[in-house]
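The sequence shown runs contiguously to residue 159 in my numbering.
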Amino acid sequence: KVAFIAFSTKYGGYPAVNFSVAHEYSSYRSYGIIIEDMLEFVEKSIIEAKQNGASHIILCNHFGISQALRAPILPETGLGKIEALCKKHGIKLYLNGHEHNRNFTLFKYNGLYDYDVSMTCDKYAVFEIYEKYAKVTVYNTADNSINRIDVIDLCDE
């Protein structure tokens, strides 16, 4: 079983509602700021997913965690706490979509994979989750040819 836990961040910018979580946790356009309530929501969701038999938990947020991104979650606003949650609960994969990067960039950040999965007009990706790894096939939209395949190790290091 795979559990996808979608959460959002807050900022004082223009509202951009994320319908994958409760409305009071709307996301905002700009750098991601993690609030304490959201961290509690994420950990509670992780624990619940594990209790319901999830073998893999994948976190999803509008903003990425890799500091190589143009607009990541800011370290001073909870990035370390997200990393700690992932380490504590054995989470290896984090999906983000803020960058709209044409390359579907995969970053490794402190033992956690951060994958930019926002769709573009020229590429799309298909995720397959297996017991020990995830396989991501990136296709070219024009002819559905394979652009590349990424394999992400989901086992403990």
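Note that the Cβ used here is the ideal one computed from N, Cα and C, for glycine as well. For clarity, every value in this text was computed on a predicted model and none was experimentally measured.
> At what residue ranges does the stretch 88-130 contain a whole run of the beta strand (DSSP E), taking only runs of 3 or more?
Replying inline: Counting whole runs of 3 or more residues, the stretch 88-130 contains the beta strand (DSSP E) stretches 95-98, 108-111, 114-118.
> Taking the C-alpha atoms as reference points, what is the distance between ARG150 and LYS110?
Replying inline: By 1-based counting over the sequence shown, the position of residue 150 is 148. By 1-based counting over the sequence shown, the position of residue 110 is 108. Here the alpha carbon of ARG150 sits roughly 18 Å from the alpha carbon of LYS110.
> Per DSSP, TYR135 is paired with what?
Replying inline: As a first step, residue 135 is located in the sequence shown; it is residue number 133 there, counting from the start. Paired residue(s): ASP155.
> Under three-state DSSP, which class holds ILE67?
Replying inline: Here residue 67 refers to the residue found at position 65 of the sequence shown. Here ILE67 sits in coil by DSSP.
>> What does the alpha-carbon distance come out to for the pair CYS123 and ASP152?
In response: Mapped onto the sequence shown, residue 123 falls at position 121. Mapped onto the sequence shown, residue 152 falls at position 150. When rounded, the distance between both Cα atoms is 20 Å.
>> Using C-beta distances below 7 Å, list every residue in its chain close to SER47, excluding the 5 sequence neighbours before and after it, in chain order.
In response: The residue given as residue 47 occupies position 45 in the sequence shown. Excluding residues within five positions, the ones whose Cβ falls inside 7 Å are ILE7.
>> If you reduce the DSSP assignment to three classes, tell me which class ALA51 lands in.
In response: By one-based count along the sequence shown, residue 51 stands at place 49. Helix, per DSSP.
> For the beta strand (DSSP E) that ALA8 lies in, which residues bound it at each end?
Replying inline: What you label residue 8 is simply residue 6 of the sequence shown in a count that begins at 1. 4-8 is the extent of the beta strand (DSSP E) around ALA8.
> Hey, would you say PHE65 sits closer than 9 Å to HIS100, going by beta carbons?
Replying inline: Numbered from 1 along the sequence shown, position 63 holds the residue referred to as residue 65. Numbered from 1 along the sequence shown, position 98 holds the residue referred to as residue 100. For the pair PHE65 and HIS100, the CB atoms are nearer than the 9 Å cut-off.
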